[in-house]
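Okay, so here's the structure we're looking at.
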Amino acid sequence: YPRRRDLVREFSRGMQQRLAIARSILHDPELLLFDEPHTGLDQDAAAMLDDLLSEIASGGRTVVMTSHDLPRAAKLADRLDILSRGVIAASIRKGEQEISELPEIYRRVTQDG
Numbered sequence: 022y023p024r025r026r027d028l029v030r031e032f033s034r035g036m037q038q039r040l041a042i043a044r045s046i047l048h049d050p051e052l053l054l055f056d057e058p059h060t061g062l063d064q065d066a067a068a069m070l071d072d073l074l075s076e077i078a079s080g081g082r083t084v085v086m087t088s089h090d091l092p093r094a095a096k097l098a099d100r101l102d103i104l105s106r107g108v109i110a111a112s113i114r115k116g117e118q119e120i121s122e123l124p125e126i127y128r129r130v131t132q133d134g
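All residue numbers for the sequence shown refer to my numbering, where the first residue is 22 and numbers rise by one.
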């Protein structure tokens, strides 16, 4: 464990993100809240996180996640809520819409006016 005495602030952004995720699941909570959990992760780590979140959810636990990556969120979620000004502007259940349609739905429900 060559870095066991390193301060967390000395870690890369991706390593800090991995550590934060590990800390959040360590005590095996029934409900997990993640704010942009893929931020700072490389493609391999992001794919591992996708697998981990799917495994957690399939085990009966609840995962709530914010994300600006609509295709990734849609692949992971049972339900996708799009917020506009702090209010749910659209709620889409898995399979109700094609993933390719999500950016247009997002633009439509979040535009002013």
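Quick reminder that beta carbons are idealized off the backbone N, C-alpha and C, glycines included. Bear in mind the structure is a predicted one, so any value in this text is a computation, not a measurement.
Can you tell me where the alpha helix (DSSP H) with residue i in it begins and where it stops?
i: A41; result: R34 to I46
i: P124; result: L123 to T131
For residue i, does the three-state DSSP call read helix, strand or coil?
i: A111; result: strand
i: T87; result: strand
i: D71; result: helix
i: R100; result: strand
I think residue i touches residue j, with their Cβ atoms under 8 Å apart; what is that distance to the nearest whole Å?
i: A94; j: L104; result: Not a contact, Cβ separation roughly 12 Å.
i: I86; j: P58; result: Correcting the residue type first, residue 86 is Met in the shown sequence and not Ile. Indeed, because the Cβ distance is near 6 Å, the residues count as touching under 8 Å.
Bridge partners of residue i, per DSSP?
i: L53; result: V84
Contact between the segment 77–91 and the segment 109–119 is defined here as three or more beta-carbon pairs at a separation below 8 Å; is this criterion met? no
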